[in-house]
Amino acid sequence: VCICFIIMGDTDRLTRNKQRAAVKRDAAASHIESIYALGLSASTDSSVIPKFLIASEDIQNHWEAFTLENDTMLEAMIELGTHSEFSNNVELEVRNTLLNIKALANKFRSSSDAGVVASVTSNNDKPGSDIVNDNVETVSNPTAQVGPLIASSASSDSGVQLPKIPLPTFDGRLQNWPDFRDRFTTLVGNRRHLSNIEKFYYLLGCLQSGPNDVVKGITVSETTYELAWSALVQRYDKPRQLATTLVNEMLNAPINHQESPAILINFLNTFCENIALLQSLNIPDLGSFLLFAISVRCLPSTTRRLFEQGNTADFPTVDSLLYFTKDRVEVLENSGSSLIQATVKPQAKLVFNKPKHTNSKPNQSGSKAPRSHQGSPVALVANKPAGESHRCEQCNGSHSLTSCSTFKGLSIDDRYALASKHRLCMVCFGSNHWANKCKSSCSVCHGRHHQLLHRDNSHAKITPSKDPVASYIGTQHSRSVLLGTASVNVRDVAGCLQPVRALIDPASQVSLMTSECAKRLGLFCEQWTVPVAGLAGQLVQSINGRVQISIQSARDGNVINLSTWTMSKITGSMPSAQLPVSIRNKCSHLVLADPNFDSPAPVELLLGADIFPQVIRSRRHDLGVGLPTAFDTIFGWILLGPVDPSLPAAPQQTMMISLLTTSIESLVERFWKIEEPDEAPPSFTEEGRCEEIFAQETYRDSSGRFVVPLPFRTPPTSFVFHGSRQLALVRFERLERKLIQDKPLYLAYQQFMADYESLGHMSLAKAPGSYFIPHHAVHKMEGDNMKLRVVFDASARPSSNTSLNDALLVGPKLQQDIVDILLRFRIHAVVFTADICKMYRQILIAPKYRQYQHILWRASPHDKVQEFELNTITYGVGTAPYLALRVLKEIAVVYGQQYPMVQTALMYQTYMDDICTGADSIQEAQALKDDLISILSQFGLELKKWASNSPQLLENIPSEDRAVGSLPFNIEKSPQVQILGMKWNPDVDIFNYNVSSVKFVSSKRSMLSVIARIYDPLGFLSPVIFHAKHQLQCVWRSGVSWDDRLPLELEHSWMSFVNELHYLSTIQVPRFVGTSEGSQYELCGFSDASIKGYAAVVYLRVSDRHRRVSMFLLGSKTKLAPTKAMSIPRLELCGAGLLARWLSRIQITLSTQITIQNVFAWS
183 VCICFIIMGD TDRLTRNKQR AAVKRDAAAS HIESIYALGL SASTDSSVIP
233 KFLIASEDIQ NHWEAFTLEN DTMLEAMIEL GTHSEFSNNV ELEVRNTLLN
283 IKALANKFRS SSDAGVVASV TSNNDKPGSD IVNDNVETVS NPTAQVGPLI
333 ASSASSDSGV QLPKIPLPTF DGRLQNWPDF RDRFTTLVGN RRHLSNIEKF
383 YYLLGCLQSG PNDVVKGITV SETTYELAWS ALVQRYDKPR QLATTLVNEM
433 LNAPINHQES PAILINFLNT FCENIALLQS LNIPDLGSFL LFAISVRCLP
483 STTRRLFEQG NTADFPTVDS LLYFTKDRVE VLENSGSSLI QATVKPQAKL
533 VFNKPKHTNS KPNQSGSKAP RSHQGSPVAL VANKPAGESH RCEQCNGSHS
583 LTSCSTFKGL SIDDRYALAS KHRLCMVCFG SNHWANKCKS SCSVCHGRHH
633 QLLHRDNSHA KITPSKDPVA SYIGTQHSRS VLLGTASVNV RDVAGCLQPV
683 RALIDPASQV SLMTSECAKR LGLFCEQWTV PVAGLAGQLV QSINGRVQIS
733 IQSARDGNVI NLSTWTMSKI TGSMPSAQLP VSIRNKCSHL VLADPNFDSP
783 APVELLLGAD IFPQVIRSRR HDLGVGLPTA FDTIFGWILL GPVDPSLPAA
833 PQQTMMISLL TTSIESLVER FWKIEEPDEA PPSFTEEGRC EEIFAQETYR
883 DSSGRFVVPL PFRTPPTSFV FHGSRQLALV RFERLERKLI QDKPLYLAYQ
933 QFMADYESLG HMSLAKAPGS YFIPHHAVHK MEGDNMKLRV VFDASARPSS
983 NTSLNDALLV GPKLQQDIVD ILLRFRIHAV VFTADICKMY RQILIAPKYR
1033 QYQHILWRAS PHDKVQEFEL NTITYGVGTA PYLALRVLKE IAVVYGQQYP
1083 MVQTALMYQT YMDDICTGAD SIQEAQALKD DLISILSQFG LELKKWASNS
1133 PQLLENIPSE DRAVGSLPFN IEKSPQVQIL GMKWNPDVDI FNYNVSSVKF
1183 VSSKRSMLSV IARIYDPLGF LSPVIFHAKH QLQCVWRSGV SWDDRLPLEL
1233 EHSWMSFVNE LHYLSTIQVP RFVGTSEGSQ YELCGFSDAS IKGYAAVVYL
1283 RVSDRHRRVS MFLLGSKTKL APTKAMSIPR LELCGAGLLA RWLSRIQITL
1333 STQITIQNVF AWS
């Protein structure tokens, strides 16, 4: 059945691809046919020729689009087996039309050339006079940067063809208008043989978006060209404004503090061009106008407007400005304005830095004259008066940049960008020097950057996901505000219209639908993996998926197709309480979109701003003061706004302010970085409060077992976990219904709970509990046997919104890393492993804390639900791992001096409840085994599942307490199923790999799933995993979607990888690395790089007492090259850094057991 569904899915996908390609192919063919029809009309109407020539430039793009879709359609038909229905006639017909278009275009261009030459020759008496041939070739986009081309030739006598002259383009800047005006007038405007229509088309091809808006409302015709040109002249031909702009550009030119060719060239370009333009304006008194432009900037805007109202000169002089200002002062004084005392800031001092003379002499004090900027022209420098506050480059406030709260709120990258934009020193944010001249440094790491640019700066803002997908907003209380609801018709999977209650919210950037509604309509839900974050970035709820819906208006039959996200719940009932009848009476004459708008009912659909403009209409109706307003929509009238204040208090709404943030795409991009070797975990740390509680309240009972407390953050009150019993009861009833439907699971669950009670790990509660923990089953089948684990969910939040895990301290990390444990496990000649049987359940919880570990249970649906309290550490409580490992640490500390090997085994060679340790001889291993059994038994801890590479070591271990087969070194506590996991075979003392069967699926999602489930902690299979990740990166670069079929070449490569994956089960790696007494040890590391990535591998070189040398692979790390291309030398350096960190990690880990004499690294 699964195969049939897969085949049907592929057929549907190929059919859709074929239909899509056919539509796009026909569209491209229609474009080509329309251009050909335009060419035919140009044969009879010469005014259409320029338009046809412009359109013909796009013909090649349409042809490429046609061939692309035609090939796509053919491939889809081949896959479907219907290629016999494919016809080549369409391609031949379109190709013939394309050739006809090109022939017509060449014909019109050649006839235009001949006609222009003949016309010009007849109008010139002298045979040697110069002529210009208007052979026009336009680009496809009239507003592109490169305009039309004018081909010119020499005189008819010379017969020399000159290069084509490009027509100028105009971007709307006043500085560029004179050049554009003169060039266009010469090349086009003065051509008498060109019609006004042709000139107009040339003009449109030269104008960019701004100037094009000036003439876009003018219709192209023979009589409107002059009108369009006049409009441009009136808009841009302003010599006075141009002159002022040029002066301002020179005054605002940046002051350069360093000398370089690029800086000097930029200086020359700015001033030479602007001075040349100023001179071309023929200003009568240029010097006086320059002084006017400088001085008028200092006047208030009111004074400048009054001056311009009375000014009649095209280019005012500074004298006229001063005369006006004096008159204005007299007017203000006479009108009494002089009584207002204004605070006048000291003016900036103008300092003229003159060039240094070579024959400078010492001054009167005997010192040399102060050094000026040699070779630089005279510049105006504004010296800031003493006492004037610094202006912030970020917000222009009167404070320094380092004190700006807005600047501190930026991300590190944005701060760098701002400092670069304003050319500030990256070390102190000064503006008068560069970072290489600065004597300051970072106060955090003493690096050459400012503290606010430090990457680990605690004040730095965590950069959020850029370009959030969407957000939606609602209300916090519906007591006084009514949101608009409507009953809309949504088409279900069968095509029938079904009523759905919708909330119309223009403040939402997306539309939402409840998962229950989508299920009721039978709509297909696409997989979506983006979480939803609310206020302060708190995770609120996960998006379940995305569905495509079709909404039809009952009033006019309009259909709206849109994509909505699905969630379990959008909001509570709307409204939250019954509205007064008076509101309904006020709008009884309106056709309401929701006839039951005044009755509380759930909301199944939220229509956001993405379709709000299509829904809302222009009409509105006010119902009165303090009452909602009616708005007309395509569904009818909706009510929005405040309601009668006399309405009783309504319960609180649960609308959220949310933001769709990180998607799986951004998470997978981090996939290329997971091969970095982590730093070795630090030695055991203490988290003061948690350690203090453990030390003060932990004790041993009469049987020797540890009794530990629950480390609460603050002493819990009676209201902290309010509602937890009701939540646990609902969850239990749901669990019971599930168990009743699965009889084997129910029997296993009943047996587990019975054993839990009989062993004393739980007992009937004698008093009501303060927190009730929901529980559920996690199981898997191993052959005919069911492996069951009951999980207690201490993270369940009741109505008080506080779970048990929220209230508990987690404690410091005491768990050793699996990589370190495996590396130490390889050092011993004789090794063994053992499991602490039910370790959590051998450690008791103090009686006063058991009220927070209550559960609900009954063995039969006919019995009464009873309260039980859990007496031991519970799997699922957040602090459980810390308490269990802290007990082992306490045991190790107590017996550390007397039994040092036991201490090492418990503190450094234990992963969760598995002890992996050994010794150099069978006698030492036997003593360590006996000591572990003896010591742990004093605390009620029993060792099971024994395994060893020495059968002699297991002689006294009962067979039922021995492990069977190879032992996995996987993260067994994780519910994820491993495809490829490392195992230790104690019989032959090797590491090998267990490979599960993998079903091949050609999609990017399947690739990621397979690679993520390969477990290789020491990197013995790094070349294989690196190859798989490189294939995933190639697929990532191809841009295919998560569930689309892979490109053909990549699909074959990935299929080959999956089919050959089982060969890895034949790989064997010796566990023991040959250590012995008197041997010398050296670490040898190698790194290399290619364009695909880089790798580091470390070997242990062992030289025994007889000078025999052996090499053992310890582990490797690989990393893919980033998607952005990098040079091989840079990748080599990255590989060397990776090797250095990997060597350091291994050396620190092994130094507790062997002495490393030397460390060598090659690259």
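No gaps in the numbering here: position 875 of the sequence shown is 1057 in this note's numbering, and each next residue is one more. Even glycine gets a Cβ: it sits at the ideal position worked out from N, Cα and C.
How about residue i and residue j: do their beta carbons lie closer than 7 Å?
i: Leu1114; j: Val1076; result: no
i: Leu703; j: Ile752; result: no
i: Leu685; j: Val785; result: yes
i: Thr173; j: Ala1109; result: Here the chain comprises residues numbered 183 to 1345, so residue 173 is not present and cannot be evaluated.
i: Gly808; j: Pro824; result: yes
i: Ser1235; j: Gln1213; result: yes
i: Pro897; j: Ile875; result: no
i: Tyr1064; j: Gly993; result: yes
i: Arg1032; j: Glu1051; result: yes
i: Thr588; j: Gln576; result: yes
i: Ser693; j: Leu744; result: yes
i: Asp1143; j: Lys1165; result: no
i: Phe362; j: Pro348; result: no
Which whole-angstrom value is the C-beta distance of residue i and residue j, which I expect to be below 8 Å?
i: Pro980; j: Gly905; result: 4 Å
i: Ser1285; j: Ser1258; result: That pair is no contact at about 10 Å.
i: Ile816; j: Asp738; result: 7 Å
i: Phe914; j: Leu970; result: Wrong, their Cβ atoms sit about 17 Å apart, outside the cutoff.
i: Ile1055; j: Ala1066; result: 6 Å
i: Glu468; j: Leu428; result: Note that residue 468 is Leu in the sequence shown here, rather than Glu. Actually they do not touch by this definition, with Cβ atoms about 11 Å apart.
Quick check: what's the CA-CA separation for residue i versus residue j?
i: Val1217; j: Pro1229; result: 8 Å
i: Leu376; j: Glu273; result: 39 Å
i: Asp1171; j: Tyr881; result: 41 Å
i: Glu873; j: Ser1185; result: 49 Å
i: Leu280; j: Leu385; result: 28 Å
i: Ile1330; j: Ile1000; result: 15 Å
i: Phe234; j: Gly492; result: 52 Å
i: Gly1058; j: Phe1173; result: 32 Å
i: Ala237; j: Ala775; result: 49 Å
i: Asp509; j: Thr368; result: 47 Å
i: Arg198; j: Thr264; result: 14 Å
i: Asp1095; j: Cys707; result: 42 Å
i: Ala410; j: Asp1226; result: 52 Å
i: Ala736; j: Asn987; result: 51 Å
Just grab the DSSP bridge partners of residue i for me.
i: Ile686; result: Leu789
i: Tyr953; result: In the DSSP output, where bridge partners are listed per residue, Tyr953 has none listed.
i: Asp1198; result: DSSP output for Asp1198 lists no bridge partner at all.
i: Trp747; result: Leu694, Arg728
i: Arg673; result: Leu679
i: Cys1266; result: Tyr1281, Phe1342
i: Trp819; result: Leu774, Asp814
i: Ala783; result: Met756
Nearer than 6 Å: is that true of the beta carbon of residue i relative to any heavy atom of the ligand PLP?
i: Asp596; result: Annotation note on the ligand PLP: not contained in the displayed structure, which lists no ligands.
Cβ contact check for the stretch 950-970 and the stretch 908-923: 3 or more pairs under 8 Å: With three or more CB-CB distances shorter than 8 Å, the stretch 950-970 counts as touching the stretch 908-923.
When the Cβ atoms of the stretch 1272-1287 are set against those of the stretch 1022-1037, are three or more pairs found closer than 8 Å? Judged by Cβ distances under 8 Å, the stretch 1272-1287 makes no contact with the stretch 1022-1037, as fewer than three pairs qualify.
Indicate whether the contact test is met: 3 or more Cβ pairs, each with one atom in the stretch 928-937 and one in the stretch 883-896, closer than 8 Å. Taking a cut-off of 8 Å on C-beta distances, the stretch 928-937 does not touch the stretch 883-896, as fewer than three cross pairs fall below it.
Any contact between the stretch 193-205 and the stretch 243-257? By contact I mean 3 or more CB pairs, one from each, below 8 Å. Taking a cut-off of 8 Å for Cβ pairs, the stretch 193-205 and the stretch 243-257 touch, as three or more such pairs fall below it.
Sufficient close CB pairs (3 or more, under 8 Å) joining the stretch 408-425 to the stretch 353-365: The answer is yes - the stretch 353-365 touches the stretch 408-425, with three or more Cβ pairs under 8 Å.
Across the stretch 397-412 and the stretch 435-455, are there enough close Cβ pairs to call them in contact, namely three or more that are closer than 8 Å? Too few Cβ pairs lie closer than 8 Å, so no.
Is the stretch 443-454 touching the stretch 471-484 in the sense that three or more CB pairs, one from each, lie closer than 8 Å? No, the stretch 471-484 is not in contact with the stretch 443-454.
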